[in-house]
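**Q** I am attaching a structure below and will ask some questions about it afterwards.
Residue numbers (our numbering), protein chains in the order written: chain A, 44 to 465; chain B, 3 to 422.
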């Protein structure tokens, strides 16, 4: 069944992903806006505040009861970073009509609730309910602070922050703690008007209903959405070159060290970099996994990630503090191996099948599909997973080696334990 | 081969038991590109003491998990690589009562299945390869020791249980795993990795007959004896009421656990459904208690609860971030008392049942979830796909009885992590 993308209104697009095989349907409404320090934490806060209540369902109790009665439908607010765009909104998931006892239909009421959450929030004297604002602001600050609880995530995020300082890509998806502290009730309501009025709205549906029905339900649900001077979205800027590798060390009270390394890719051969990264550290068959972990037992995890929408590669690993230099040298040695084509045939075949398997099975998960197509829409790209798979199929080893030769070390981040105080 | 169709779920299950005792399930999923295989043994972190050839053996904590890591080694090299070459994504996990090996792949499924069945049934390790693994697992243990979610949970289990091996950490400690040798690993494999102690589940667009034929061809012809295990005799009372640890975290977190009466041999699924519903009614995110505590700022969206069962034990637990964990625990106890005394509101009960049905149905989107629940069902004597019928049978009184028997001050423990 074919994927379609259609403009429903000024700056409103619907991507339909028809499927009959799931027990559930998915509806998603995402506002796409440039990621910026000034607005990141405000926009991150908005869907959380909106999720607290609407005119018809004015508090969490009323909303939760409504969702329970729709057979445990879920509407989660989401804040995501796609390239240098921030995407905020809601993802709804509800059981597909064919499994609802008594032939009840869930698509229309869920769409309506989604529209209400966006367009008709509970308000008091022309602004958000102060109690909702205050408690969600506290939650946002807690969420930003809690990144430190998972040291792997923390180290990954610190690496990006350092590597892309001054670029939109370095901004965490929830913004900074300081900006979140400064958020104000009155100003947030104005920012809400701007977000829903002037940014692109991307809608997604996956399920068994026909497109006509989905369009009708969404047009009716978002009938009162304001639309004016819709801002365009842009692909991410290229990471600027650095004269000298940036090296950052941080100390925290931890027992395991984290070594993060960021690389800039100076090639735009996406398919070759996808392959190169998979060979380097993108699978359990990669150079990093087999050598740094399996052969040298230097760590429990060592993997690399290609940020397709930004053109960088980051390496993430957990090591004993004293193994820093060994792990660093080994990671660089493995990168060289990929650059120099020091590879066996099975490694190439394996990396290719890993990627092809990932693209082929994307259609088996509604969440992955929605996330993929949102990323494409937010960064102005249009390839389908099948087209990306086709590109990967056609990449030659020479293209991979050349693309990986353009990969240069940019930033090294090391998190280690504090010296024991005697 | 027996086929059952579950109309209310839109699912079919093919079942076959091989002469060697292996149980096979195949769940066809037309329209999916991905095919998933899950091969599991009834052997997990809890099974440290067992009887082999008439002799009781005490094995080091963490050995089932250690064995899981080492099973990927083959005479030719490593099964992970073999599978990854075919684009399959293999992995494994060890839980308290089970070790499962799995992969999903879109191509070469039968070839991959053959690799999976062989490497799990043919152990290959040397003293050297076993010693080397201590570095990797040691790092894994260090990693989880830094994780507050892990610390808070393990400490809660130690507070709940005095003797049951439910209190043993699945990965063990750096110290305990240092006693593991190739010989003990071979013993454990011989005892527990026999076809009669295992289940194979395949989910996806496959031919069930091919799956059964392949298993018959690749696996050993003989099953093994039933291995008696000793999980410790657990008294009804908890081991300690409170436990607290300071870590590098941003805000205090807590888990409060309630030691529940374990399920009988024949009512596992029913107990699970009652426990889950009781948890939703008591503190789920549409419950009066949740909404009140959220409004008062005592909990946030991190708050949640769950009901769990393992061999010989059952517990309900809940937690998240809170600035006043004692207050939250007190409110949970008061709410349970209120529900027992005043009864459960009928409209609220129906609403929660609808939601729970939806959540269970949603679970069938996940191949892994389907395979794990069929396997758990087999090990504990129930059919997980019968949940709609069980939902029909359970009553409000069952929930009230559950709360009366289990959610009490005496059965309650508190585990906290506080910022340094």
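A virtual CB, placed ideally from N, CA and C, is assigned to each residue, including glycine.
Rank B/384, B/305, B/207, B/284 by C-alpha distance to the C-alpha of residue 273 of chain B and give the top, closest one.
**A** Against the second chain, residue 273 of chain B aligns to sequence position 271. For the options B/384, B/305, B/207, B/284, the alpha carbon positioned closest to that of residue 273 of chain B is the one of B/384.
**Q** Residue 33 of chain B versus chain A: which residues are under 8 Å apart at the beta carbon?
**A** Counting from one through the second chain, the residue named residue 33 of chain B turns up at place 31. Near residue 33 of chain B (Cβ distances below 8 Å), the residues of chain A are 62, 63, 64.
**Q** Name the chain A residues whose beta carbon is nearer than 7 Å to that of residue 296 of chain B?
**A** Within the second chain, the letter at position 294 stands for residue 296 of chain B. Those are 103, listed as they occur along chain A.
**Q** Residue 419 of chain B: beta carbon under 7 Å from a heavy atom of the ligand FMN?
**A** Among the components modelled here there is no ligand, and therefore nothing to report on the ligand FMN.
**Q** Looking at the secondary structure, which residues open and close the alpha helix (DSSP H) in which residue 447 of chain A lies?
**A** The sequence position of residue 447 of chain A within the first chain is 404, counting from 1. It spans 440-448 - the alpha helix (DSSP H) in which residue 447 of chain A sits, taken as one unbroken run.
**Q** If the criterion is Cβ atoms closer than 8 Å, does the pair residue 134 of chain B and residue 416 of chain B meet it?
**A** Mapped onto the second chain, residue 134 of chain B falls at position 132. Mapped onto the second chain, residue 416 of chain B falls at position 414. Not a contact, by the Cβ cut-off of 8 Å.
**Q** Residue 249 of chain A: which of A/218, A/140, A/174 sits nearest, CA to CA?
**A** Here residue 249 of chain A refers to the residue found at position 206 of the first chain. For the residues A/218, A/140, A/174, the minimum Cα distance to residue 249 of chain A belongs to A/140.
**Q** Under 8 Å, with one C-beta from each stretch per pair, do the region 326-344 of chain A and the region 368-383 of chain A reach the 3-pair mark?
**A** yes
**Q** Apart from the five residues on each side of it in sequence, which residues of its chain come closer than 7 Å, Cβ to Cβ, to residue 435 of chain A?
**A** The residue labelled residue 435 of chain A in the question sits at position 392 within the first chain. So the list reads 314, 317, 318, 395, 398, 399, once near-sequence residues are dropped.
**Q** I need the straight-line Cα distance from residue 48 of chain B to residue 59 of chain B, nearest angstrom please.
**A** In the second chain, counting from the first residue as 1, residue 48 of chain B sits at position 46. In the second chain, counting from the first residue as 1, residue 59 of chain B sits at position 57. Answer to the nearest angstrom: the Cα atoms are 13 Å apart.
**Q** Contact check, residue 192 of chain B vs residue 408 of chain B under 8 Å by CB: the rounded distance?
**A** As a first step, residue 192 of chain B is located in the second chain; it is residue number 190 there, counting from the start. As a first step, residue 408 of chain B is located in the second chain; it is residue number 406 there, counting from the start. Not quite, the Cβ-Cβ distance comes to about 39 Å (not below 8 Å), so this is no contact.
**Q** What does residue 299 of chain A touch in chain B if you count any residue whose Cβ is under 9 Å from its own?
**A** As a position in the first chain, residue 299 of chain A is number 256, starting the count at 1. By Cβ distance, chain B contributes 141, 144, 145, 147, 148.
**Q** Here's the rule: buried if 16 or more other CB atoms are within 10 angstroms of the residue's CB, otherwise exposed. What is residue 44 of chain B?
**A** The sequence position of residue 44 of chain B within the second chain is 42, counting from 1. Answer is buried; the Cβ neighbour count reaches 16.
**Q** To which residues of the same chain is residue 28 of chain B closer than 7 Å at the C-beta, ignoring the five residues directly before and after it?
**A** As a first step, residue 28 of chain B must be located in the second chain, where it is residue number 26. Taken in chain order, the residues that qualify are 16, 204, 208, 210, 213.
**Q** Under 8 Å Cβ-Cβ, which residues of chain A neighbour residue 354 of chain B?
**A** Counting from 1 along the second chain, the entry for residue 354 of chain B is found at position 352. 111, listed in chain order.
**Q** Which ranges does the alpha helix (DSSP H) cover as unbroken runs of at least 4 residues, wholly within the region 128-157 of chain B, from first to last along the chain?
**A** 129-147
**Q** Which residue marks the beginning of the alpha helix (DSSP H) containing residue 67 of chain B, and which one marks its end?
**A** What you label residue 67 of chain B is simply residue 65 of the second chain in a count that begins at 1. First-last of the alpha helix (DSSP H) with residue 67 of chain B: 65-73.
**Q** Using the three-state DSSP reduction, which class does residue 370 of chain B fall into: helix, strand or coil?
**A** Residue 370 of chain B sits at position 368 when you count from the first residue of the second chain. Residue 370 of chain B falls in the helix class under three-state DSSP.
**Q** For residue 328 of chain B, is the classification buried or exposed, using 16 other Cβ atoms within 10 angstroms of its Cβ as the cut-off for buried?
**A** Taking the second chain and counting its residues from 1, one reaches residue 328 of chain B at position 326. It counts as exposed.
**Q** Rounded to whole angstroms, what's the CA-CA distance from residue 57 of chain B to residue 240 of chain B? Just pull it up for me.
**A** Residue numbering aside, residue 57 of chain B sits at position 55 when the second chain is read from its first letter. Residue numbering aside, residue 240 of chain B sits at position 238 when the second chain is read from its first letter. The alpha-carbon atoms of residue 57 of chain B and residue 240 of chain B are separated by roughly 31 Å.
**Q** Along chain E, which residues have their Cβ under 7 Å away from the Cβ of residue 287 of chain B?
**A** Of the chains in the structure shown, none is chain E; the protein chains are A and B.
**Q** With DSSP as the reference, identify every bridge partner of residue 276 of chain B, one or two as the case may be.
**A** Walking along the second chain from the start, residue 276 of chain B turns up at place 274. Residue pairing by DSSP places residue 276 of chain B opposite no residue, since no beta bridge is assigned to it.
**Q** Just to make sure I have the definition right: I need the residues of chain A whose C-beta is within less than 7 Å of the C-beta of residue 107 of chain B. Which are they?
**A** As a first step, residue 107 of chain B is located in the second chain; it is residue number 105 there, counting from the start. Those within 7 Å of residue 107 of chain B in chain A are 400.
**Q** In the DSSP assignment, the alpha helix (DSSP H) including residue 393 of chain B goes from what residue to what residue?
**A** Within the second chain, numbered from 1, the residue matching residue 393 of chain B stands at position 391. Residue 393 of chain B -> alpha helix (DSSP H) spans 389-395.
**Q** Give the secondary structure of residue 206 of chain A by DSSP, where H, G and I count as helix, E and B as strand, and everything else as coil.
**A** Position 163 of the first chain, counting from 1, holds the residue named residue 206 of chain A. Helix.
**Q** Which residues, taken in chain order from the region 303-314 of chain B, show a beta carbon closer than 9 Å to some beta carbon of chain A?
**A** The residues in question are 303, 304.
**Q** Could you tell me if residue 383 of chain A is buried or exposed, where buried requires 16 or more neighbouring beta carbons within 10 angstroms of its beta carbon?
**A** As a first step, residue 383 of chain A is located in the first chain; it is residue number 340 there, counting from the start. Label assigned to residue 383 of chain A: exposed.
**Q** Looking at the secondary structure, which residues open and close the alpha helix (DSSP H) in which residue 263 of chain A lies?
**A** In the first chain, counting from the first residue as 1, residue 263 of chain A sits at position 220. 254-264 is the extent of the alpha helix (DSSP H) around residue 263 of chain A.
**Q** Looking at the structure shown, is residue 297 of chain A part of a helix, part of a strand, or coil, going by DSSP?
**A** Indexing the first chain from 1 puts residue 297 of chain A at position 254. Of the three classes helix, strand and coil, the one that applies to residue 297 of chain A here is coil, per DSSP.
**Q** With DSSP run on the structure shown, which of helix, strand or coil describes residue 374 of chain A?
**A** As a working mapping, residue 374 of chain A is identified with position 331 in the first chain. It is helical.
**Q** At least one CB of chain A closer than 8 Å to the CB of residue 253 of chain B: is that the case?
**A** Position 251 of the second chain, counting from 1, holds the residue named residue 253 of chain B. True, the Cβ-Cβ gap to chain A drops below 8 Å.
**Q** Given a cut-off of 8 Å on the beta-carbon distance, is the pair residue 148 of chain B and residue 298 of chain A in contact?
**A** In the second chain, residue 148 of chain B corresponds to position 146, counting from 1. In the first chain, residue 298 of chain A corresponds to position 255, counting from 1. Yes.
**Q** Looking only at DSSP bridge pairs, what is residue 456 of chain A linked to?
**A** What you label residue 456 of chain A is simply residue 413 of the first chain in a count that begins at 1. In DSSP, residue 456 of chain A forms a bridge with A/291, A/303.
**Q** Do we get a CB-CB distance below 8 Å when we pair residue 180 of chain A with the residues of chain B?
**A** Counting from 1 along the first chain, the entry for residue 180 of chain A is found at position 137. No - not a single Cβ of chain B is within 8 Å of the one on residue 180 of chain A.
**Q** Would you kindly work out how many angstroms separate the C-alpha atoms of residue 464 of chain A and residue 457 of chain A, rounded to a whole number?
**A** Here residue 464 of chain A refers to the residue found at position 421 when the first chain is read from its first residue. Here residue 457 of chain A refers to the residue found at position 414 when the first chain is read from its first residue. Low per-residue confidence applies at residue 464 of chain A: pLDDT is 42, beneath 50, and the placement is therefore not dependable enough to give any value.
**Q** Let me check one thing: in DSSP terms, what residues is residue 382 of chain B bridge-paired to?
**A** To locate residue 382 of chain B, count along the second chain from 1; it is residue 380. Residue pairing for residue 382 of chain B: DSSP places it in no beta bridge.
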